[in-house]
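*Asks:*
In my numbering, the protein residues as written are 161 to 413.
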């Protein structure tokens, strides 16, 4: 029972995170490409409903594991995980819902956003006053890199599962153990890479990382900076990310 609960919680976190990635991409697409309708679609009440819907769908996609018996301990990865050979139909459905559909949605949203960014950058060349800040481009570059890394890390495990589900008797024995283990750890290592990506591409994250590292050697300085930040925060301007989004939004009008 402990194994099944552990696998169930892991499934909730994995599928929930992927559904949230797709939801964020849809939100950014609506905000940037359909700015006139954004305020009507994403009211405070509607946003709460969307969040609840995401987690309801996550639970619905994970609960069948209890009835199919697809959560078992796998000694290859020392964890209770999803057994790809438990049910071919369910494995195919999981791959489609868990990977293919979100990838398609996110690809479409980012593709449309990048088209708009390119159009704005071309329009800037014919104007004396630039309307697209370099920080705006870096924000979209960060989102795009996060998506590409996500697809790269999760693709091997999902394609292996799809191949095994389509022809379990023939394909399951042909999958090397090392390939499954590598694909499994690639998928779960994706969460660790996100922090690195943000640190490399986002100036605010780099500053905070440096401040945290400095606190390891000078804790007193860290607490002094924290206290100053609390008093100065009330006089500070809105976050750069919000200003950047507003800048892009005005460009689309």
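Backbone N, C-alpha and C fix where the C-beta goes; we use that ideal spot for every residue, glycine too. As the structure is a computational prediction, the values presented were derived from the model and not from experiment.
1. Just list the beta strand (DSSP E) runs in the segment 176-248, keeping only unbroken ones of 3 residues or longer that don't cross its boundaries, in chain order.
2. Specify the secondary structure class of residue 316 as computed by DSSP and reduced to three states.
3. Count the other CB atoms, across all protein chains shown, that sit within 10 Å of the CB of residue 318; report buried if there are 16 or more and exposed otherwise.
4. Within 10 Å of its beta-carbon, does residue 206 have 16 or more other beta-carbons around it, so buried, or fewer, so exposed?
5. Excluding the 5 residues preceding and the 5 following residue 337 in the sequence, name in chain order all residues of the same chain whose CB lies nearer than 8 Å to its CB.
6. Would you mind sorting residue 244 into buried or exposed? The rule is 16 or more other CB atoms within 10 Å of its CB.
7. What separation, rounded to the nearest whole angstrom, lies between the Cα atoms of residue 376 and residue 221?
8. Taking all protein chains shown into account, do 16 or more other C-beta atoms lie within 10 angstroms of the C-beta of residue 194, making it buried, or fewer, making it exposed?
9. Could you check whether the segment 345-360 touches the segment 262-276, counting it as contact only if at least three pairs of C-beta atoms, one from each stretch, sit closer than 8 Å?
10. Quick one: what's got a C-beta closer than 6 Å to residue 164's C-beta in the same chain, skipping five residues either side?
11. When you compare the segment 183-190 with the segment 201-217, are there three or more beta-carbon pairs, one atom per stretch, that lie closer than 8 Å?
12. Secondary structure at residue 372, three-state DSSP: helix, strand or coil?
13. What is the DSSP secondary structure of residue 335, reduced to helix, strand or coil?
14. Would you identify the three-state DSSP class for residue 350, choosing helix, strand or coil?
15. Give me the Cα-Cα distance between residue 324 and residue 250, rounded to the nearest whole angstrom.
16. With DSSP as the reference, label residue 170 as helix, strand or coil.
17. Can you round the beta-carbon distance between residue 192 and residue 301 to whole angstroms, since I take them to be within the 8 Å contact cut?
18. How big is the Cα-Cα spacing for residue 202 and residue 214?
19. Taking only the alpha-carbon atoms, compute the straight-line gap between residue 260 and residue 364 and give it to the nearest angstrom.
20. Going by DSSP in three states, residue 378 sits in which element: helix, strand or coil?
21. With 16 as the cutoff for other CB atoms within 10 Å, does residue 333 come out buried or exposed?
*Replies:* Reading from the atomic positions:
1. Taken in chain order, the complete beta strand (DSSP E) segments of 3 residues or longer contained in the segment 176-248 are 231-234, 239-242.
2. In the structure shown, residue 316 sits in a helix (DSSP, three-state: H, G or I).
3. Counting Cβ neighbours within 10 Å, residue 318 comes out buried, since at least 16 surround it.
4. Burial call: exposed.
5. Listed in chain order, the non-local C-beta contacts of residue 337 below 8 Å within the same chain comprise 236, local neighbours out to five positions each way being set aside.
6. Flag for residue 244 reads buried.
7. About 43 Å.
8. With fewer than 16 Cβ atoms within 10 Å of its Cβ, residue 194 is classed as exposed.
9. The segment 345-360 vs the segment 262-276: no contact.
10. The residues are 231.
11. These segments touch.
12. Residue 372: helix per DSSP, three-state reduction.
13. DSSP places residue 335 in coil when its eight states are reduced to three.
14. Residue 350: helix per DSSP, three-state reduction.
15. In a straight line, the C-alpha of residue 324 is about 12 Å away from that of residue 250.
16. Helix, per DSSP.
17. That belief does not hold up - the Cβ atoms of residue 192 and residue 301 are roughly 14 Å apart, past 8 Å.
18. About 15 Å.
19. Using only the alpha carbons, I get a separation of about 33 Å.
20. DSSP places residue 378 outside both helix and strand once states are collapsed to three, so it counts as coil.
21. Its Cβ having fewer than 16 others within 10 Å, residue 333 is exposed.
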